[in-house]
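K.L.:
Oh and the sequence shown: position 8 is 41 in the numbering used here, straight run, nothing missing. Virtual Cβ for every residue (Gly too), placed ideally from N, Cα, C. These figures come from a predicted structure and were not determined experimentally. Sharing a structure with you now.
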Amino acid sequence: MKIIFVIVSMAGGGAERVISILANQFVKKGMDVTIMMTAGDEVAYALDERIHLLCIGGCSGGSLKKRLERIWRMRRYFRQEKDSVIVSFGPGTSFFAVMADLFLKHPFVISERNDPAACPHPRLRNLIYRRAKRLIFQTEDAMKCFPAALRKRGCTIPNPVISGLPEPWQGEREKTVVAVGRLEPQKNYGMLLNAFAEFYKKFPDYKLHVYGKGSLLKELQNQTVKLGISQAVVWEGFQKDVLSKIISAGIYALSSDYEGISNALLEAMAVGLPVISTDCPIGGSRMCIRNGENGLLVPCGDAGTFAAALESLADDPDYASRLGQQAAKIREQFSEEMVSHMWLEQLKAAGR
Numbered sequence: 034m035k036i037i038f039v040i041v042s043m044a045g046g047g048a049e050r051v052i053s054i055l056a057n058q059f060v061k062k063g064m065d066v067t068i069m070m071t072a073g074d075e076v077a078y079a080l081d082e083r084i085h086l087l088c089i090g091g092c093s094g095g096s097l098k099k100r101l102e103r104i105w106r107m108r109r110y111f112r113q114e115k116d117s118v119i120v121s122f123g124p125g126t127s128f129f130a131v132m133a134d135l136f137l138k139h140p141f142v143i144s145e146r147n148d149p150a151a152c153p154h155p156r157l158r159n160l161i162y163r164r165a166k167r168l169i170f171q172t173e174d175a176m177k178c179f180p181a182a183l184r185k186r187g188c189t190i191p192n193p194v195i196s197g198l199p200e201p202w203q204g205e206r207e208k209t210v211v212a213v214g215r216l217e218p219q220k221n222y223g224m225l226l227n228a229f230a231e232f233y234k235k236f237p238d239y240k241l242h243v244y245g246k247g248s249l250l251k252e253l254q255n256q257t258v259k260l261g262i263s264q265a266v267v268w269e270g271f272q273k274d275v276l277s278k279i280i281s282a283g284i285y286a287l288s289s290d291y292e293g294i295s296n297a298l299l300e301a302m303a304v305g306l307p308v309i310s311t312d313c314p315i316g317g318s319r320m321c322i323r324n325g326e327n328g329l330l331v332p333c334g335d336a337g338t339f340a341a342a343l344e345s346l347a348d349d350p351d352y353a354s355r356l357g358q359q360a361a362k363i364r365e366q367f368s369e370e371m372v373s374h375m376w377l378e379q380l381k382a383a384g385r
């Protein structure tokens, strides 16, 4: 089987991480794998040397000419690889892939990676998704957002937990709250800062460490000043080996307004961190967390409830430890081998 993954770039992100894991697994099984990057050549993940990397252009900057050239280059490659299965991630990338493959009739697999309600052009997206023989969703909630005709082609596959992670931390935990993710509106760090400010009144020996970069950095830094917590918040920026830096933290926090399945959350759970997450659409956190058993779920945008959850773990280290021990079991539940096998079955079905 020949597989062509299509993605904007491999510079970093949830979909990119999943592609890297699947591609590495598939070449180990003797498959011919290409990762086609439509708008960049940066690769942030370790890839097997047998994987073909193909960059067909840079960012278009809105240029129609550059977009048409992109489609032409994609089409030329698809013509050369007639017996391949094309796997595209998300509506934007899938639009270009489908346009490039007009009348070529490759089997298509399309994966929806985020909250479908956040798509600005749902009708166009659904039209593009009709081209797929198989649709991969992360959760049942995501699949329910689509018309029945598309749901018939769909299935749910969780994100894999990468193998080789460190063993869960066994020592005393630091008095830190950590968060990992882009500093963008979706992640709602503003709410997290409000929650931490409330929590900090009772637990002034704690610090909040935020790992990630994005357009809201200055705005969020200004918010910490207004809340009087600037001295307790550390902006760590993007870190490649973030797990080694957060594994001994006291609490992991995810504050998103919507999310697929957060890879950062999965990995935090896999190394035994006590986690708190918003119960955000499309149900990815709910799919991983059994509230009160292996983590805590709180309503989206509710800083008061999030602060109370932080307090409950800081107040009772034994409770936090029990949650972390149960969370670590996710590494078997969502293992690379199990998830890649599920994907492979869908690719085989699409190629028949």
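1) Assign E75 to one of three DSSP states: helix, strand, or coil.
2) Per DSSP, which one or two residues make a beta bridge with L250?
3) Give the C-beta separation of I161 and V131 to the nearest angstrom, bearing in mind that I take them to be a contact with Cβ-Cβ under 8 Å.
4) Let me make sure I understand the geometry here. Which of E365, R103, L276 and V243 has the alpha-carbon closest to that of Y222?
5) What is the DSSP secondary structure of R167, reduced to helix, strand or coil?
6) How many whole angstroms separate the CB atoms of D290 and Q203, which I take to be in contact at a CB cut-off of 8 Å?
7) In chain order, which continuous runs of the alpha helix (DSSP H) of length 4 or greater are located wholly inside the stretch 262-320?
8) Hey, how far is the Cα of L393 from the Cα of D74?
9) Can you give me the Cβ contacts of N324 inside the same chain, cut-off strictly under 6 Å, excluding the 5 residues immediately before and after it?
10) Alpha carbon to alpha carbon, how far is K61 from E369?
11) On the premise that G47 lies in contact with N296, defined as a C-beta separation below 8 Å, what is that separation, rounded to the nearest angstrom?
12) Under a three-way DSSP split, which group does A212 fall into?
13) Using 8 Å as the Cβ pair cut-off and three pairs as the minimum, do the stretch 234-251 and the stretch 166-184 touch?
14) Tell me the start and end of each unbroken beta strand (DSSP E) in the stretch 99-125 that is at least 3 residues and wholly inside, in chain order.
15) When DSSP labels each residue in this structure, what does M132 get in the three-state scheme?
16) Please state whether DSSP places N255 in a helix, a strand or coil.
17) Tell me, which residues are paired with F141 by DSSP?
18) Can you look up K35 in the DSSP assignment and give me helix, strand or coil?
19) Which partner residues does T189 have in the DSSP bridge list?
20) DSSP state of V41, grouped into three classes?
21) Would you give the residue range spanned by the alpha helix (DSSP H) that H154 belongs to?
22) Is L356 near N327, with beta carbons less than 8 Å apart?
23) Please report the residue range of the beta strand (DSSP E) in which K240 lies.
24) As a quick exercise: from M64, I37 and L80, pick the residue whose alpha carbon is nearest that of R50.
25) What does a CB cutoff of less than 8 Å around E102 pick up in its chain, not counting 5 residues either side in sequence?
26) Could you tell me whether the stretch 225-238 touches the stretch 268-279, using the rule of 3 or more Cβ pairs below 8 Å?
27) Could you work out which residue in G94, S121 and K166 is closest to G384 when comparing CA atoms only?
28) Along the beta strand (DSSP E) that carries I68, what are the first and last residues, could you check?
29) At the level of alpha carbons, what is the spacing between A347 and V142?
30) Among T126, L226, L86 and I84, which residue has its Cα nearest to the Cα of I104?
P.N.:
The structure says:
1) coil
2) Answer is none; L250 lacks a bridge partner.
3) 5 Å
4) V243
5) Strand at R167.
6) 34 Å between Cβ atoms; not a contact.
7) If we require 4 residues or more, the alpha helix (DSSP H) runs fully inside the stretch 262-320 come out as 275-279 and 296-303.
8) Since the first residue shown for the chain is 34 and the last is 385, residue 393 is missing from the structure and cannot be characterised.
9) Result list for N324: L330, in chain order.
10) 12 Å
11) 5 Å
12) If DSSP states are grouped into helix, strand and coil, A212 belongs with the strands.
13) no
14) 117-122
15) helix
16) helix
17) I119
18) Of the three classes helix, strand and coil, the one that applies to K35 here is strand, per DSSP.
19) F170
20) coil
21) H154 -> no alpha helix (DSSP H), and no H or E assigned at all.
22) yes
23) K240 to Y244
24) L80
25) G90
26) no
27) K166
28) Here the beta strand (DSSP E) through I68 covers D65 to M70.
29) 45 Å
30) T126
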